[in-house]
Amino acid sequence: MFKHILWLYLKKHKLFMISIIFLIVVVSVLAVLPAQILRVIVDDTIGSKNYSKLVILAVFYTLSYLLLGIINFLKDLVLVSTSQGFLAYLKIKMLEQVHRFKYQTLVTKDTGSLEAYFNNDTNSINELFTSGVIDMTTDLFKMLAILISIFIYSWVFGFIVLLIIPFILLFTAVVRKRMLKAQLKTKNLEGNVNQELLENVENIVTIKTSKCSSYIKKRYQNVLNNHFKANQASNFYDAIFSPTMQIIRSVVVAVILLISGVNSSIFGMSIGMIISAISLLTDLFSPIENLGMEIQTIQKSLAAVKRINEFFAFPIDEVKTITSITGPLALSYHNVSFSYDKKEVIKNFNLDISQNAKISLQGPSGSGKSTLMKLALGLIKPDRGEVLLNDKPTYLLNEEERQKLVQIVYQEPFFSAGTIYEELTLRDQTIKPEACYLALNLVGLSYIKDINVLLNPKEYSSGELALFNVARVIVHNPQIIFLDEMNAKIDPYTSNKIINIIDEFAKDKMVISINHYGKPLANAKIIKLTNC
Ligand SMILES: Nc1ncnc2c1ncn2[C@@H]1O[C@H](COP(=O)(O)OP(=O)(O)OP(=O)(O)O)[C@@H](O)[C@H]1O
Ligand SMILES: [Mg+2]
Numbered sequence: 174m175f176k177h178i179l180w181l182y183l184k185k186h187k188l189f190m191i192s193i194i195f196l197i198v199v200v201s202v203l204a205v206l207p208a209q210i211l212r213v214i215v216d217d218t219i220g221s222k223n224y225s226k227l228v229i230l231a232v233f234y235t236l237s238y239l240l241l242g243i244i245n246f247l248k249d250l251v252l253v254s255t256s257q258g259f260l261a262y263l264k265i266k267m268l269e270q271v272h273r274f275k276y277q278t279l280v281t282k283d284t285g286s287l288e289a290y291f292n293n294d295t296n297s298i299n300e301l302f303t304s305g306v307i308d309m310t311t312d313l314f315k316m317l318a319i320l321i322s323i324f325i326y327s328w329v330f331g332f333i334v335l336l337i338i339p340f341i342l343l344f345t346a347v348v349r350k351r352m353l354k355a356q357l358k359t360k361n362l363e364g365n366v367n368q369e370l371l372e373n374v375e376n377i378v379t380i381k382t383s384k385c386s387s388y389i390k391k392r393y394q395n396v397l398n399n400h401f402k403a404n405q406a407s408n409f410y411d412a413i414f415s416p417t418m419q420i421i422r423s424v425v426v427a428v429i430l431l432i433s434g435v436n437s438s439i440f441g442m443s444i445g446m447i448i449s450a451i452s453l454l455t456d457l458f459s460p461i462e463n464l465g466m467e468i469q470t471i472q473k474s475l476a477a478v479k480r481i482n483e484f485f486a487f488p489i490d491e492v493k494t495i496t497s498i499t500g501p502l503a504l505s506y507h508n509v510s511f512s513y514d515k516k517e518v519i520k521n522f523n524l525d526i527s528q529n530a531k532i533s534l535q536g537p538s539g540s541g542k543s544t545l546m547k548l549a550l551g552l553i554k555p556d557r558g559e560v561l562l563n564d565k566p567t568y569l570l571n572e573e574e575r576q577k578l579v580q581i582v583y584q585e586p587f588f589s590a591g592t593i594y595e596e597l598t599l600r601d602q603t604i605k606p607e608a609c610y611l612a613l614n615l616v617g618l619s620y621i622k623d624i625n626v627l628l629n630p631k632e633y634s635s636g637e638l639a640l641f642n643v644a645r646v647i648v649h650n651p652q653i654i655f656l657d658e659m660n661a662k663i664d665p666y667t668s669n670k671i672i673n674i675i676d677e678f679a680k681d682k683m684v685i686s687i688n689h690y691g692k693p694l695a696n697a698k699i700i701k702l703t704n705c
């Protein structure tokens, strides 16, 4: 699936592919250009006393580095903008996929693990672009261009360089591996430090009242110390890497110079060629150093690609094909059975509910009351039997149509950081502000005078939030209302008030109420459930 999405994106951005290939080739050619100019300066120009040619070549020598810098900058610019574009494209595709997930997939995944796919994995994939495949290809091309140049100068010199490369690669790989291990440890411990702090902030009142602040301080000190030690280790490898590479580089150069000094015919190169080859040799070190890191980045990114493919393989819902329900409503359960995994929760359940019926589902915890509601909403599909709304299976009902027909009052009100108007209308802009003020009045929240301010749930009591929830139902004016334990967190007075409001508002509507206790709806038919 990942490959497919990447292919779709690249197909739309062909210019990116062409410009990257072009820039990689230019970078590789430019990587050997300064050394070639150096050779011409030393061999052909310095002795000839042709000063104007010398100045021109010196200018070209400087300009070639400048050009290399500019092309590298352009390459990075194209890469970063394209990778960001691809990431946004991938995240949108992932969000669309989340909306397709089966209800059961969604509720069994915790938010943290879903978020990890969106943040951690996509970030690793970003690196695949910016510092993985493309950089590795560039470095390999650069190495190839440098090696070809050296071999053209001298086969012997070329073979010596080929012999040195594996040792540098090995050293780089070992140090990088240890560095990465230390970095990973630091990163994990960083998580612990943050977690510890978060827990402290979240439980601050309990910590204060139970007088355990010195114990908490000691625990925090402990995680901070561990983090500090791990950080030191990673800094150590970081600090020794560059100087060691510099020492190796200078030793290699010194040995080459020594050999050329003792017997210049060994390499069969002119002075200019020797200087140019040494310059090429020093330039060869950085792509070799990078290679180890790039391979690690690619490995990490491939693990992320595997996880993203896993994400796209989570079970998805059937396509919702029913877009319209007309006529007086009739909801019916016909011999319905349903199990979560292997646990049967609903067994051969039958019930017919007509347009303006009031139903009260009662039964002990775990008897399947909320499951019956999810079946009616079409969030889950019966294993056997049928749940039909006007003879159409509810699990095939399209979300927009369901939203028009059904509203739910949950025990836990949910909010999405919107204004009072947005929270009431669930961002349905066809609902007029007047309807919102009317509904607020009806539920007794008339003191809310401005619905265009942000709703801060912390400023309201649980009872007021429950009333807000009822106002939300009223503004949508649905034909079916579900009340799922809406009175569990509120006082009997508010609960009775809500029941009275709904009784009045929902005379001609279908209401299915689930509650353990409290006043039932007027004329409600009571359905008793038992544990399977
Ligand atoms: N998403 C789920 N995955 C697995 N099992 C579940 C899931 N949701 C509910 N169950 C199980 O199904 C059974 C019925 O759950 P349901 O929520 O329908 O009960 P309920 O009658 O609404 O209970 P309560 O009165 O406590 O709200 C419970 O035993 C519960 O553990
Ligand atoms: Mg329930």
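Add 173 to a position in the sequence shown, counting from 1, and you land on the number used in our numbering.
Backbone N, C-alpha and C fix where the C-beta goes; we use that ideal spot for every residue, glycine too.
Residue i to residue j, Cα distance in whole Å?
| i | j | result |
| --- | --- | --- |
| V374 | Y393 | 12 angstroms |
| D490 | F655 | 23 angstroms |
| L260 | S254 | 10 angstroms |
| L713 | S527 | With the chain running from 174 to 705 in the structure shown, residue 713 is simply not present. |
| L287 | L263 | 14 angstroms |
| N376 | A476 | 36 angstroms |
| F246 | G220 | 37 angstroms |
| E596 | K554 | 29 angstroms |
| I298 | G434 | 50 angstroms |
| M418 | Q356 | 20 angstroms |
| I244 | I429 | 32 angstroms |
| F540 | F487 | This sequence places Ser at residue 540; Phe is not what is there. Rounded to the nearest angstrom, the two C-alpha atoms are 28 angstroms apart. |
| A530 | S510 | 23 angstroms |
| I672 | K282 | 35 angstroms |
| I439 | V329 | 8 angstroms |
| M446 | A318 | 16 angstroms |
| M683 | I653 | 5 angstroms |
| I304 | K391 | The displayed chain sequence assigns Ser, not Ile, to residue 304. One C-alpha to the other measures close to 40 angstroms. |
| S443 | D216 | 7 angstroms |
| K670 | F588 | 22 angstroms |
| Y513 | R557 | 13 angstroms |
| F291 | I229 | 54 angstroms |
| V396 | N361 | 11 angstroms |
| S383 | I389 | 11 angstroms |
| K275 | Y568 | 11 angstroms |
| K226 | I481 | 58 angstroms |
Taking all protein chains shown into account, decide if residue i is buried (16 or more other Cβ within 10 angstroms of its Cβ) or exposed.
| i | result |
| --- | --- |
| A639 | buried |
| K698 | exposed |
| L188 | exposed |
| H272 | exposed |
| A208 | buried |
| Q269 | The amino acid at residue 269 is misidentified as Gln; the sequence shows Glu. E269 comes out exposed. |
| N688 | buried |
| I325 | exposed |
| L534 | buried |
| F302 | buried |
| P586 | buried |
| S437 | exposed |
| T463 | Reading the sequence as shown, one finds Asn at residue 463 and not Thr. Buried. |
| Y610 | buried |
Within this structure, are the beta carbons of residue i and residue j separated by less than 8 angstroms?
| i | j | result |
| --- | --- | --- |
| N563 | K493 | no |
| M267 | F484 | yes |
| L183 | M190 | yes |
| V205 | S322 | yes |
| Q580 | V646 | yes |
| L252 | I307 | yes |
| P460 | K315 | yes |
Following the continuous alpha helix (DSSP H) through residue i, name the residue where it begins and the one where it ends.
| i | result |
| --- | --- |
| I265 | 224–273 |
| N299 | 295–300 |
| Y517 | The question names Tyr, yet the displayed sequence has Glu at residue 517. Here E517 belongs to no alpha helix (DSSP H); instead the beta strand (DSSP E) covers 516–527. |
| N399 | 386–435 |
| Q356 | 328–375 |
| L504 | That residue, L504, is in no alpha helix (DSSP H); its beta strand (DSSP E) goes 503–513. |
| I444 | 444–485 |
| G558 | Careful: G558 lies outside any alpha helix (DSSP H), inside the beta strand (DSSP E) at 557–562. |
| T190 | Sequence check: residue 190 is Met here, not Thr. 187–213 is the extent of the alpha helix (DSSP H) around M190. |
| V306 | Note, V306: premise wrong, no alpha helix (DSSP H); not H, not E. |
| L287 | 284–289 |
Let's see if you can read the secondary structure: which residues bound the beta strand (DSSP E) around residue i?
| i | result |
| --- | --- |
| V579 | 579–582 |
| L708 | In this structure the chain extends from 174 to 705, so residue 708 is not present and cannot be described. |
| K670 | Premise fails: K670 lies in the alpha helix (DSSP H), 665–678, not in any beta strand (DSSP E). |
| S686 | 683–687 |
At 3 residues or longer, and completely inside the segment 571–651: list those beta strand (DSSP E) runs for me, N to C.
-> As summarised for the segment 571–651, the continuous beta strand (DSSP E) elements at least 3 residues long and confined to that stretch are 579–582, given in chain order.
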